[in-house]
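*Asks:*
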Amino acid sequence: MTGPTRRFRILVNPLSGGGSAPAAVARVEALLRDAGAEVTVEPSRSAEQSQAAVADAVARGEIVVAAGGDGMLASIAGAVVSAGGQLGIIPSGRGNDFARMLGLSADPADVASCLLSGEPTATDVIDADGQIVLGSMYAGVDSMASELVDNARRLPSAVQYPYAAVRALLTYRPAGFVVTVDGHRHEQEAYNVVVANSAYYGKGMKIAPAADVRDGLLEVIVLPADSRWGMVRRLPKVYDGKHIELAGVTCFRGRSVTVEADCPVQAYGDGERIGPLPRTATVKPGAIQVLLP
Numbered sequence: 207m208t209g210p211t212r213r214f215r216i217l218v219n220p221l222s223g224g225g226s227a228p229a230a231v232a233r234v235e236a237l238l239r240d241a242g243a244e245v246t247v248e249p250s251r252s253a254e255q256s257q258a259a260v261a262d263a264v265a266r267g268e269i270v271v272a273a274g275g276d277g278m279l280a281s282i283a284g285a286v287v288s289a290g291g292q293l294g295i296i297p298s299g300r301g302n303d304f305a306r307m308l309g310l311s312a313d314p315a316d317v318a319s320c321l322l323s324g325e326p327t328a329t330d331v332i333d334a335d336g337q338i339v340l341g342s343m344y345a346g347v348d349s350m351a352s353e354l355v356d357n358a359r360r361l362p363s364a365v366q367y368p369y370a371a372v373r374a375l376l377t378y379r380p381a382g383f384v385v386t387v388d389g390h391r392h393e394q395e396a397y398n399v400v401v402a403n404s405a406y407y408g409k410g411m412k413i414a415p416a417a418d419v420r421d422g423l424l425e426v427i428v429l430p431a432d433s434r435w436g437m438v439r440r441l442p443k444v445y446d447g448k449h450i451e452l453a454g455v456t457c458f459r460g461r462s463v464t465v466e467a468d469c470p471v472q473a474y475g476d477g478e479r480i481g482p483l484p485r486t487a488t489v490k491p492g493a494i495q496v497l498l499p
């Protein structure tokens, strides 16, 4: 299926990108229509409504297109997997980390070209106790950071993630984590545990540099307990992936990962709350078809 024969259902989060997502959609929509494609645009009012729209779109033979950030993708990824549909992406959120991992451009012409002629590519996902996650599941200081980001919308987009990361590091207390990877148990006092399908999170932080969304494996990064200011000083290394070279940082690789803690800790996935630990994340190889250039 190529070019003008494709039919699209674009689900857009009106709040993504500080409210800029609808304008991004309008530019892509115009290019798709000029190419002869059939396009329906539907605002996302809730996760439940969007998931129902996914099922309807796939039943009608339409390609589902998520317009927004990682949270928008997270809200419909499970429905796309369940329906056996194809997913297109219009990167228009604050982070766009999964799109970054896939090498997708936010330029309207590039987005339209990918949607019109891109190849459906089998891509891994994480099953976090029944919730589908595309990028990563994490617990610890990054859980707090995700909550802070959600409450920092009045700040300029460029500083929301760095602000949340530094503030969380200065206030979070490390926990005793138990991480079981493919049956092998590891215990460590740590600030954070990340179970990653994608290399990126937090608006460009390369938390799991070895991650590959098509290798059928999950990367596990454990950031050890350290002084708060020590963690803040090390934060820039996360953006280029060099943090994994630091003393005490532990990396594992496997297909099924259970994370537990000795105190109440919330787990998040792609910026969305999953729930309290313990949680088990399992890779589902090639579970979703994503349109790629």
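Numbering of the sequence shown is given in my numbering, commencing with residue 207 and proceeding in unit increments. Here a beta-carbon is modelled for each residue, glycine too, at the ideal position from N, C-alpha and C.
(1) Could you tell me which residues DSSP puts in a beta bridge with cysteine 457?
(2) Run the CB neighbour count on threonine 211, radius 10 Å, all protein chains shown included, and call it buried at 16 or more, exposed below.
(3) Whole angstroms is fine: what's the gap from proline 482's alpha carbon to proline 470's?
(4) Could you check whether the Cβ of asparagine 302 sits closer than 8 Å to any Cβ belonging to chain C?
(5) Taking the continuous beta strand (DSSP E) assigned at aspartate 333, which residues delimit it?
(6) Among Lys490, Ala263, Gly382, which one has its Cα closest to the Cα of arginine 461?
(7) Do aspartate 240 and lysine 409 have their CB atoms nearer than 8 Å?
(8) Look at the alpha carbon of glycine 294 and the alpha carbon of glutamine 337, and state the distance between them as a whole number of angstroms.
(9) Just curious, the beta strand (DSSP E) that arginine 479 is in, first and last residue?
(10) Can you say whether threonine 208 is buried or exposed, counting buried as having 16 or more other CB atoms within 10 angstroms of its CB?
(11) Quick one: is lysine 448 buried, meaning 16 or more other Cβ sit within 10 Å of its Cβ, or exposed?
(12) Can you tell me whether alanine 405 is helix, strand or coil according to DSSP?
(13) Among the candidates Ser288, Ala334, Ala263, Val247, whose CA atom is the shortest distance from the CA of isoleucine 494?
(14) Can you tell me whether leucine 424 is buried or exposed? The criterion is at least 16 other CB atoms within 10 Å of its CB, across all chains shown.
*Replies:* Taking the geometry as given:
(1) Ile427
(2) exposed
(3) 7 Å
(4) Absent from the structure: chain C. Only one protein chain is present.
(5) 325-334
(6) Lys490
(7) no
(8) 20 Å
(9) 478-482
(10) Residue confidence is low: threonine 208 scores 44 on pLDDT, short of 50, so the model does not pin down where it sits. No coordinate-derived value is stated.
(11) exposed
(12) coil
(13) Ser288
(14) buried
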